[in-house]
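With the numbering used here applied, the sequence shown covers 2 to 174.
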Amino acid sequence: IGLVGMKKIVSVILDLPETVQFLGMGLPSDILVVLAMVTIALVYSAASGVHGVVWTDMVEFAIAMVCSIGLTLIVYGVVGWNTGLHDKIQGLGARGDELMKLTPAFGIVLLYYFFIHPIFTQGGYNPHIQRFLALKNERETVYMTIYANIINFVLKPFPFYVCGLASIFIFTD
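Spelled out as C-alpha cells, the structure:
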C-alpha cells in the first residue's frame, strides 16, 4: 500500500510520463519508481543492519508524528479549537452525543478487531515478526509488544481521530 501511494506521489511531483526510455526500452515509469524505492530501502537496510533499521524507524516515526500533529493543529484551529469543536458537536443533538462516547457500540467491527484479527496475526503474518525475532529473549519481546501496541493504538492514531472529527464540520454543512 505504501509503494502504491509513493508511486503516485513521485509520479505527480516529478511529472513523469507514462513510459520512460531506459536502456533502449520503453518502460512504464511506475515500475521504475517502485524499483528505485525498493532499491534504496534494501541498500540502507542491508548497509546499516538491525541498529540502522531501528534508528531509521525512529526518525520516520518522529517525522510522521510531527506532520500528523501539525495537520491536526491546523484543522483544529480552523474548526475553532476546543470550544468551537465542542459547540459544533453539541449542535448535532443526539448524533453529537454518539460522537462523544469513548466506547463505540458493540458490533461486527469490534468483534473483528478484538477477537478475529488477533487470531489471524499469529503464525508469521504479524508485520512485527522480524522485530520479535531480533530480540534477545521473551521478556524483551513482551516489552516490545506492549510498547508497539501503545504506539500503534494510542499515540499514532489520536491526531487522526481529532482531525477526522474536526473535518466533519469543515467539509460538511
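From the three backbone atoms N, C-alpha and C, an ideal C-beta is built for every residue, glycine too.
Continuous alpha helix (DSSP H) stretch holding residue i: start and end
i	result
Val-60	30-80
Thr-142	139-151
Phe-133	130-134
Residue nearest to residue i in terms of C-alpha spacing, selected from the options
i	options	result
Ala-65	Ile-169, Pro-158 and Ser-168	Pro-158
Phe-62	Ser-168, Val-163, Tyr-162 and Leu-156	Leu-156
Val-5	Ile-109, Gly-108, Ser-69 and Asp-31	Asp-31
Pro-29	Val-39, Met-101, Lys-8 and Thr-173	Lys-8
Ser-168	Glu-139, Gly-94 and Gly-85	Gly-85
Same chain, Cβ closer than 7 Å to residue i, five either side skipped, listed in chain order
i	result
Ala-149	His-129
Arg-132	Met-145
Val-54	Ser-46
Range covered by the beta strand (DSSP E) that runs through residue i
i	result
Phe-170	Run containing Phe-170: none in the beta strand (DSSP E); it sits in the alpha helix (DSSP H), 159-172.
Phe-23	20-23
Separation of residue j from residue i, as counted between CA atoms
i	j	result
Ala-135	Gly-50	11 Å
Asp-98	Leu-17	48 Å
Ala-48	Ala-42	10 Å
Asn-83	Met-59	30 Å
Cβ shell of residue i (< 6 Å), same chain only, five flanking positions each side left out
i	result
Lys-137	none
Original post:
Does the region 75-88 touch the region 161-173, meaning 3 or more C-beta pairs lie closer than 8 Å?
Top reply: Contact holds between the region 161-173 and the region 75-88, because three or more Cβ pairs, one in each stretch, are under 8 Å apart.
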